[in-house]
Structures are given as C-alpha cells and as structure tokens.
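Residues 1 to 142 in full-length UniProt numbering are what the sequence shown spells out, letter by letter. Positions of the beta carbon are idealized from the N, C-alpha and C atoms, including for glycine.
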Amino acid sequence: MSQRLNHLNDIIATLKTGANFYRKAARQLKKPDLEAIFVENADLRDGFAVQLAAMVEEVGGEVKEVDATEKTYELANRVGAMIGDTEKTLIDALEEHEERTLELFRRVIHQPDSARDQQMLQDMMEHLQQSHGRMRELRRAT
C-alpha cells in the first residue's frame, strides 16, 4: 500500500474511533446539550471518514477501521469516567482526542505524497478546528 493510502487510512481510523467515542460519551452522559454537541462531532467525523474511505477504495486499497492507540485512550478514559467525574473526564478526553486528530491532519498534509489531497484535508481540518474549539470551551467550563 502506498504512503498516501497509509496516511489516509490513519486519518480514517482516527476519525472512526473518535466518532464512536463521541457517541458512547453522549449515551453515557445523557445530557441533551452535550449529547447534541457530541453527536454533531461524531457525524462530522463519520462523514469525513466515508469521503476518505471512498478515495482509498477507488484505488483498490483496504480501509482501516480502528486506530488502536485512539481506542486505548477511549477505553482508559471511559473507565476513568466511571470512577470519577464522568462529565469532566469525558470532555477532557474528547478534547485531547481533538488535539491528536488535528496533529495527525497537520502531519499528513505536510507529507509530499499527500499533495493531491492537501486542499481537501485542509478543508476538513478547518471544520475539525471548529469542533476542537467547542470542546476546548466545554473543557474550560467544567
């Protein structure tokens, strides 16, 4: 598999894992205001993952489903939320996921083999930066 497809797959897996984390957090907190934000953030990630997966499949690549590192963060933070301040723990963890996702986008965008995807990835990153901003505000408020 080419470096380009590997990079896209890393992003896809991170987005999918993040979307699942957001949905689980929404169900766990059961607070309508946070649930709406979390579901919106999950939908954003799912939409981008679908777009990128289509690009990978178009050239015969296999789509990666889960990022093991992100899944480990999610599980650790969900367990922490069960024994501590659930809302604060989950919001902190989701905001940290946002930071890692943006860092991955920045890294991939600057790879030479990502040149043809650069504009699309930058557009996606702008939306994710807005999502990160909302989560950062929530984190400061809790």
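What residue range does the alpha helix (DSSP H) around residue i cover?
i, result
"residue 43", "32-58"
"residue 190", "Since the first and last residues shown for the chain are 1 and 142, residue 190 lies out of range."
"residue 87", "86-109"
"residue 24", "3-29"
Would you tell me roughly how many angstroms separate the C-alpha atoms of residue i and residue j, rounded to the nearest one?
i, j, result
"residue 32", "residue 46", "21 angstroms"
"residue 97", "residue 3", "23 angstroms"
"residue 99", "residue 16", "15 angstroms"
"residue 132", "residue 59", "31 angstroms"
"residue 144", "residue 29", "Because the chain in this structure spans residues 1 to 142, residue 144 falls outside the shown range and cannot be described."
"residue 118", "residue 62", "21 angstroms"
"residue 37", "residue 23", "10 angstroms"
"residue 108", "residue 114", "7 angstroms"
Give me the Cβ distance between residue i and residue j, rounded to the nearest whole Å; I'm assuming they're in contact under 8 angstroms.
i, j, result
"residue 14", "residue 101", "6 angstroms"
"residue 26", "residue 35", "4 angstroms"
"residue 56", "residue 9", "6 angstroms"
"residue 111", "residue 7", "6 angstroms"
"residue 11", "residue 104", "6 angstroms"
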